Each structure stands twice: as C-alpha cells, then as structure tokens.
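For this note's numbering, add 279 to where a residue sits in the sequence shown, where the first one is 1.
C-beta atoms are modelled at their ideal positions from N, C-alpha and C, and glycine is treated no differently.
What you are looking at is a predicted structure, and each value in this text was computed from that prediction instead of being measured.
What follows is a single structure, written as structure tokens, with notes after it.
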Amino acid sequence: MKSHRISLLFTFLVSFSLSCPAYELVRVRLLTGQQSVNILCAETTSLYDPSTAQDIAVTPSFAEYSITPSDQGLRLIQTSIDGGGFSFNLPYEVVIEPRGNGTVSVNGREYRGSIFIKLKNGGVQLLDVINIISIDDYVRGTVKAEISPDWPEEMIKAHVVAARTYVFYQMQNRAELDFDVESGIMSQVYWGVNGEDSASNRLVSETAGEYLVYRDAVAQVFYHSCCGGYTEDSMDVWGISIPYITNVRCPFCRNSPRYSWEKKFSTGQIQEALKKNGIDIGKILGIYLLKKSRTERVQELSIKGAGGEKKMSGDSFRRIMGYSVIPSTMFTVEQKVRDELIFRGRGYGHGVGLCQWGAKEMAVNGYDYKEILKFYFPGTKVKKLTND
C-alpha cells in the first residue's frame, strides 16, 4: 500500500510507447491560491503524508472539515454544530484518499480518486488542490462540461478519444510540474463526478485505451466549439508547426448558434477593459486590423487612443475583452458612429483542431468517430494500446 501511494504522486510518465497500457494517473489542478478548502468524505478516508506514505489520520464516513495554511504547514479544522470541534497540524503536503471506491467533495464538488493539498509554490500561505485520478475517470468528468451528452454517440466517442489523447500528451510534457492539466478552459473543463453521464460513461468504456496517433506517437490534439467554416493552422495561432493540424474546410458547423455573430461595444467599454489589463491609451479612437491568417482570423490589430497606440495579437485582444465576449478572432470591425464599434464574426473558440459542432453534424450524417477524427486531424489514426 505504501509503495502504491508513493507512485500515486511521484511516478509520472516521461516517455510513451504504443505497447504500454494506458492506466496512468493524471494530476488535475482543481484550485490554486486558496486560503481555505472545505472537504466532505462520504466514506472512511485516510489522510497521509506523501513524502513518507505514512497515515496521519483516518476520518469516518461523512466527515466534514476544512484545511488551511499555517506557519507549521497545513491545519485541519473540524467544527461541530454545537460550536465544539477540534483541530490539528498537518505536514506541508497531504493526500486525502478514500477507502474503497468513495469520492471526496472539495468546496461542494465531488471527485473520484485522491485529493492532494499542498502549500502553493513561492512561500505564500495559500493552497493548491490537485485531483489524482485515472485517465478514463478524468475523461468521464469532462464530457458534460464540454459537450451535450445528448449529442450523437459517434461525436461523443470522437470527443472522448480526443480528450484522452489531449490529457495523455500533457502528461508526457509536464512531468516537472505539480500538475498535468487545469480543471478550467486553459486545459479541458473538468467537473469531476458532476460532469459524468451514464450514457457517455459507457462510451468512455467502449473506447478504453484508444488514442489518436501520428506516425506511432501520441498526437497533440486540440478542439473548440465552432470553427466558422475553416479550422486554423496551429502555426498561425501558437507559432508551432503540427503536420496534422492545418486548415481544414468544414462545411458542417453552420447549425451552431455561434457560427456567425455580431457584438457592439462603446469605446468606453473597450477603454475600461484595456485599463483593467494595465493598458491606458486614453479615449479609444479606433481599432484597425493589421494582419489576418489564411482563414481570415485576426493575427494583429492596432488600437488607437487619444493618448497613444497599442498593437497586439487578435488572441490577446480576445482575452482582454473576454473569451465569451469576443467568441473568436475571425472578425471584422466597423465604426459607423463615433463612440461605437461593431464586431462581426464567425465561430467560437481558437479554431484549432476538432470543431465540436462540425463533428456533431458529421455524426448526424453517418460518419463514425474514427472518420470524424481523421477529417479534422489528417494523417492520424485511432489506435488501441495493449499489453503486448
């Protein structure tokens, strides 16, 4: 048991062979910079020190407590309804591990696997919370968070294989960090047990061990909501050349509610968003698109203000305004009146890789999940890992 616990946290995959089984554990950073974390365990749970694999405490079923930073490391605090309770010190890192197949609730959200809580790097008294979980349990927790479980099964299978491939690639390249992926939009949105669905759970099991590969190596994959008619070349977005992530004409996503969109902003709204991000060029006079990719996505723009000019990438502008506020970088800008700018665009997301709405329509039209993945990632194939 002790050796298992040590491997749980500190043995991570560095290289990958297609002959190896895909039963590795993924580290999902759920929270960062927390002053306190509330824990609820439905079953008997062990708390142990990952540096020694020694038990610190065993909590009974439905134990509820909080963990906070302290000068000596971490501190567990349990308060009863009558105002009583107890507290005790913990080391700088602790793992909460249910006995059996139980789950752990962190700030009201339920997770499978184990919960690793540590002081945040940098010497500050704040907490990072990391979920240690099997790849497929992780993938199960992403489906409802990323797509509708009511979508066609072949589309969901395509998403599952893409999500599994995405996280495994990240595990290969983040071994030196405390975590492999975030639980939000910077990686894949992950809701834990709350993100699971019985039908999609079945599809995860049906595709167990399947990954997207290119020339016998796990592919680096991405996906987004709607491409607006063309997927984007990875080089044009992130400056990295990936041979199987290029411009793909996608006629399938027209039914997306974000296939085309229009947004109006006052110059004051844009000025305020810039100021919140440390950019103060005074009253906004205009926005000018300087460079576009082959798919008409904005690569560089200029914002002119009464107090100066600021050039930035289209993606930086989208981040400043809000990713849901400016749905994609495939847009034009028009200024009909002095203090108002009109943005007209297509698509939702970065446009790289699999288009979810396009994949949905492909499934409706009879394509299977392998055909869908091959369409968006030309030259790749789905391959099942074995013990051979």
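D416 (DSSP reduced to helix, strand or coil): Residue mapping note: residue 416 aligns to position 137 of the sequence shown, counting from 1. Residue state for D416 is assigned as helix, using DSSP reduced to three classes.
Under the three-state DSSP convention, the category T486 falls into: Position 207 of the sequence shown holds residue 486. Judged by DSSP in its simplified three-state form, T486 adopts coil rather than helix or strand.
Contacts around E588, its chain only, beta-carbon distance under 8 Å, and the 5 residues preceding and following it disregarded: Locating residue 588 in the sequence shown gives position 309, counting from the first residue. I560, S581, I582, listed in sequence order.
R625 (DSSP reduced to helix, strand or coil): In the sequence shown, the residue the question calls residue 625 occupies position 346. In the structure shown, R625 falls within a strand segment according to DSSP collapsed to helix, strand and coil.
Selected residue, minimal CA-CA separation from V373, among G387, Y493, T382, S330: In the sequence shown, the residue the question calls residue 373 occupies position 94. Nearest C-alpha to V373: S330.
As assigned by DSSP and simplified to three states, the class of D515: Within the sequence shown, the letter at position 236 stands for residue 515. Assigned with DSSP and collapsed to three states, D515 falls in helix.
8 Å Cβ cutoff met for G630 and M609: Numbered from its first residue, the sequence shown carries residue 630 at position 351. Numbered from its first residue, the sequence shown carries residue 609 at position 330. Going by C-beta atoms, G630 is nearer than 8 Å to M609.
Alpha carbon of C532 to alpha carbon of G637, nearest angstrom: Counted from its first residue, the sequence shown places residue 532 at position 253. Counted from its first residue, the sequence shown places residue 637 at position 358. Approximately 4 Å, taken between the alpha carbons.
Any 3 or more C-beta pairs closer than 8 Å across the stretch 509-528 and the stretch 538-554: In short, these stretches do not touch, since the Cβ pair count stays below three.
Proximity to D328 [Cα-Cα], best of F654, S535, Q467, P370: Looking up residue 328 in the sequence shown gives position 49. Among F654, S535, Q467, P370, the Cα nearest to that of D328 is on P370.
Assigned secondary structure, I599 (DSSP; H/G/I helix, E/B strand, else coil): Counted from its first residue, the sequence shown places residue 599 at position 320. Note: I599 maps to helix in three-state DSSP.
Residue range of the beta strand (DSSP E) that includes L369: Residue mapping note: residue 369 aligns to position 90 of the sequence shown, counting from 1. First-last of the beta strand (DSSP E) with L369: 364-369.
Close Cβ partners of T611 (< 8 Å) along its chain, the five nearest in sequence each way excluded: Within the sequence shown, numbered from 1, the residue matching residue 611 stands at position 332. Excluding residues within five positions, the ones whose Cβ falls inside 8 Å are L568, F622, R623, G624.
Assigned exposure category for S393 - 16 Cβ within 10 Å defines buried: Counting from 1 along the sequence shown, the entry for residue 393 is found at position 114. Counting Cβ neighbours within 10 Å, S393 comes out buried, since at least 16 surround it.
Distance between beta carbons of T444 and A498, contact taken as under 8 Å: By 1-based counting over the sequence shown, the position of residue 498 is 219. By 1-based counting over the sequence shown, the position of residue 444 is 165. That belief holds up - the Cβ atoms of A498 and T444 are roughly 6 Å apart, short of 8 Å.
For L652, the three-state DSSP class (helix, strand or coil): Counting from one through the sequence shown, the residue named residue 652 turns up at place 373. DSSP places L652 in helix when its eight states are reduced to three.
Runs of alpha helix (DSSP H) wholly within the stretch 522-557 (minimum 4 residues, chain order): DSSP assignment within the stretch 522-557 yields the following whole alpha helix (DSSP H) runs of 4 residues or more, N-terminal first: 546-555.
Residue interval of the beta strand (DSSP E) (run including E425): Working through the sequence shown from its first residue, we reach residue 425 at position 146. It is not in any beta strand (DSSP E) - E425 instead sits in the alpha helix (DSSP H) that spans 422-425.
Helix, strand or coil at M450 according to DSSP, with G and I counted as helix: As a first step, residue 450 is located in the sequence shown; it is residue number 171 there, counting from the start. Three-state DSSP puts M450 in a helix.
Status (buried if at least 16 other CB within 10 Å, exposed otherwise) for G518: Residue numbering aside, residue 518 sits at position 239 when the sequence shown is read from its first letter. The residue is exposed, with fewer than 16 neighbouring Cβ atoms inside 10 Å.
Buried or exposed by the 16-neighbour rule on C-beta atoms within 10 Å, applied to L456: Counted from its first residue, the sequence shown places residue 456 at position 177. Label assigned to L456: exposed.
Cα-Cα separation between K669 and Q548, rounded to whole angstroms: Here the chain covers residues 280 to 667 and nothing more, so residue 669 does not appear.
Collapsed DSSP secondary structure at Q313 in the structure displayed: Sequence index remark: in the sequence shown, residue 313 carries index 34 (1-based). Annotated three-state conformation of Q313 is strand, per DSSP.
Q333, buried or exposed, once every other Cβ within 10 Å from all chains shown has been counted against 16: Within the sequence shown, residue 333 is the residue found at index 54, counting from 1. With fewer than 16 neighbouring CB atoms inside 10 Å of its own CB, Q333 falls in the exposed class.
Alpha carbon of A424 to alpha carbon of Y469, nearest angstrom: Mapped onto the sequence shown, residue 424 falls at position 145. Mapped onto the sequence shown, residue 469 falls at position 190. For A424 and Y469, the distance between alpha carbons rounds to 6 Å.
Contacting residues, own chain, Cβ-Cβ under 8 Å from Y448 (five flanking each side not counted): As a first step, residue 448 must be located in the sequence shown, where it is residue number 169. Counting only Cβ-Cβ distances below 8 Å, and skipping sequence neighbours, we find V497, A498, Q499, V500.
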